[in-house]
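All remarks here apply to the structure that follows.
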Amino acid sequence: MVKVQGYLQSDIKNFFRFSENYSTKPAYFMMLFLCVVTCGYSQQTFDAANKEYEILQERIKKKDTLIYYITKHYECSQVLSGRIDYYYEADKLVLINHLYKQGLANLWTSEDYFIIDDTLKIKTLTTEETIHLNTEYKKDEKGTSSISVEKVIEVVEQRMFFDSTATSTCFARKHAKNGLDWDAAYFNSLALKESNCIEDDDEIRDKYKLLRKAEKKLNVGYSYRKQQCIFYMW
């Protein structure tokens, strides 16, 4: 018991030594204050840009006549192909939707690039993955057996917000459900929470530049003739 008290007394002395170090204490609290302010500002600026992005999505869904788009396709191989939709308002590019397939499996990935004043502000990546299959065996009154398969899917959405210095902060949401019972409205109602970024800033900037080049270089529409490759044009 006495030994424990000794340890406590030592800790108390160390605490008061720190408290007496007036040059360190203000700097510590200043760093903490700046961290809180920066995080709060980042959240506010993301919320503002994200609200604009969601309003634009809703307008596109309702086919707002002030917004028009063009579609371009590319095909680099049997395992890499995609479609790019460019959305404009008042002749200014406001959104790029990139839908592509990569790999032998027939899995598609969708990503949005939301643009304000010709600057990338939000990059959204949505992925869908089959987590597992639940197999159920049934036998009716006649003794006939049947098998039913329930596919459980998980959808993950991440939004990268780029601030005025082009540095990203990421927010995400995910949900898993039986594929037949999937509720898009419920998923869209889930809150976006700050998370680790799963994509690299430089990689996203390079992809964005490539898609902007494709805006000018790729042919409009789709042809069953050999498609151009988005990576080998320049």
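Numbering-wise (this note's numbering), the sequence shown opens with residue 5 and increments by one.
Where is the CB? At the ideal position from N, CA and C, for every residue including glycine.
Just so it is clear, the structure is predicted and the values come from calculations on it, not from any experiment.
The beta strand (DSSP E) with A176 in it runs from where to where?
Taking the first residue of the sequence shown as 1, we reach residue 176 at position 172. Here the beta strand (DSSP E) through A176 covers 172-182.
If you draw a straight line from the alpha carbon of Y190 to that of T49, how long is it in whole angstroms?
Within the sequence shown, residue 190 is the residue found at index 186, counting from 1. Within the sequence shown, residue 49 is the residue found at index 45, counting from 1. Each residue's alpha carbon lies about 25 Å from the other.
Inspect the beta-carbon positions of E219 and Y90 and report whether they are closer than 7 Å.
Along the sequence shown, read from residue 1 onward, the residue named residue 219 stands at position 215. Along the sequence shown, read from residue 1 onward, the residue named residue 90 stands at position 86. Taking 7 Å as the Cβ cut-off, E219 and Y90 qualify as a contacting pair.
Does the ligand MN have even one heavy atom less than 6 Å from the beta-carbon of I151?
With respect to small molecules bound, the structure shown includes none, and the ligand MN cannot be examined in it.
So who's on the other strand from N101, going by DSSP bridges?
Here the question's residue 101 lines up with position 97 in the sequence shown. The partner list for N101 (beta bridge, DSSP) reads D89, D116.
In this structure, does DSSP put K155 in helix, strand or coil?
Numbered from 1 along the sequence shown, position 151 holds the residue referred to as residue 155. Residue state, collapsed to three classes: strand.
First through last residue of the alpha helix (DSSP H) which encompasses S168
For this step, residue 168 is matched to residue 164 along the sequence shown. No alpha helix (DSSP H) contains S168, which DSSP labels as neither H nor E.
What is the residue span of the beta strand (DSSP E) that I208 lies within?
Counting from one through the sequence shown, the residue named residue 208 turns up at place 204. Unbroken run through I208 is the alpha helix (DSSP H), 205-221; no beta strand (DSSP E).
D122 versus F165 - alpha carbon distance
Stepping through the sequence shown from its first residue, residue 122 is reached at position 118. Stepping through the sequence shown from its first residue, residue 165 is reached at position 161. Using only the alpha carbons, I get a separation of about 15 Å.
Whether E140 touches I157 by CB criterion (7 Å)
Position 136 of the sequence shown, counted from the first residue, corresponds to residue 140. Position 153 of the sequence shown, counted from the first residue, corresponds to residue 157. Against a cut-off of 7 Å, the Cβ pair of I157 and E140 comes out as no contact.
Is it right to say E145 is buried, meaning 16 or more other beta carbons lie within 10 angstroms of its own, or is it exposed?
The count along the sequence shown starts at 1 and reaches residue 145 at position 141. Exposed.
Using the DSSP secondary-structure output, state which residues sit across from Y141 in a beta bridge.
Position 137 of the sequence shown, counted from the first residue, corresponds to residue 141. The partner list for Y141 (beta bridge, DSSP) reads I151.
Taking a contact to mean a Cβ-Cβ separation below 7 Å, would you say K155 touches T130 in this structure?
Position 151 of the sequence shown, counted from the first residue, corresponds to residue 155. Position 126 of the sequence shown, counted from the first residue, corresponds to residue 130. No, they are not a contact pair.
Among D116, K125, Q82, whose alpha-carbon lies nearest the alpha-carbon of A109?
Here residue 109 refers to the residue found at position 105 of the sequence shown. The candidate whose alpha carbon is nearest that of A109 is Q82.
Which of the three DSSP states is assigned to Q48 in this structure?
Stepping through the sequence shown from its first residue, residue 48 is reached at position 44. In this structure, Q48 counts as helix in the three-state DSSP scheme.
In the DSSP assignment, what are the bridge partners of I74?
Here residue 74 refers to the residue found at position 70 of the sequence shown. Note: I74 sits in a beta bridge opposite Y90.
I'd like the span of the alpha helix (DSSP H) that includes N200, first residue to last.
Here residue 200 is taken as the residue at index 196 of the sequence shown, counted from 1. DSSP places N200 outside any alpha helix (DSSP H), giving it a letter other than H or E.
For A170 and V153, what's the separation of their Cα atoms in angstroms?
To locate residue 170, count along the sequence shown from 1; it is residue 166. To locate residue 153, count along the sequence shown from 1; it is residue 149. One C-alpha to the other measures close to 46 Å.
Cα-Cα separation between D205 and W186, rounded to whole angstroms:
Counting from one through the sequence shown, the residue named residue 205 turns up at place 201. Counting from one through the sequence shown, the residue named residue 186 turns up at place 182. Those two C-alpha atoms are separated by around 32 Å.
Near K127, which residues of its chain fall below 6 Å by C-beta distance, leaving aside the five closest residues on each side in sequence?
Position 123 of the sequence shown holds residue 127. Counting only Cβ-Cβ distances below 6 Å, and skipping sequence neighbours, we find Y117, M164, I208.
Where the alpha helix (DSSP H) through F191 begins and ends:
The sequence position of residue 191 within the sequence shown is 187, counting from 1. Its alpha helix (DSSP H) spans residues 188-193.
Would you mind stating whether G86 and Y78 have Cβ atoms separated by less than 7 Å?
In the sequence shown, counting from the first residue as 1, residue 86 sits at position 82. In the sequence shown, counting from the first residue as 1, residue 78 sits at position 74. Yes, Cβ-Cβ distance for G86 and Y78 is below 7 Å.
Can you give me the C-alpha to C-alpha distance between A94 and I151, rounded to a whole angstrom?
Walking along the sequence shown from the start, residue 94 turns up at place 90. Walking along the sequence shown from the start, residue 151 turns up at place 147. Straight-line Cα distance between these residues: approximately 55 Å.
According to DSSP, residues forming a beta bridge with V224:
For the purposes of this step, residue 224 is taken as residue 220 along the sequence shown, with counting starting at 1. Answer by DSSP bridge pairing, in chain order: K76.
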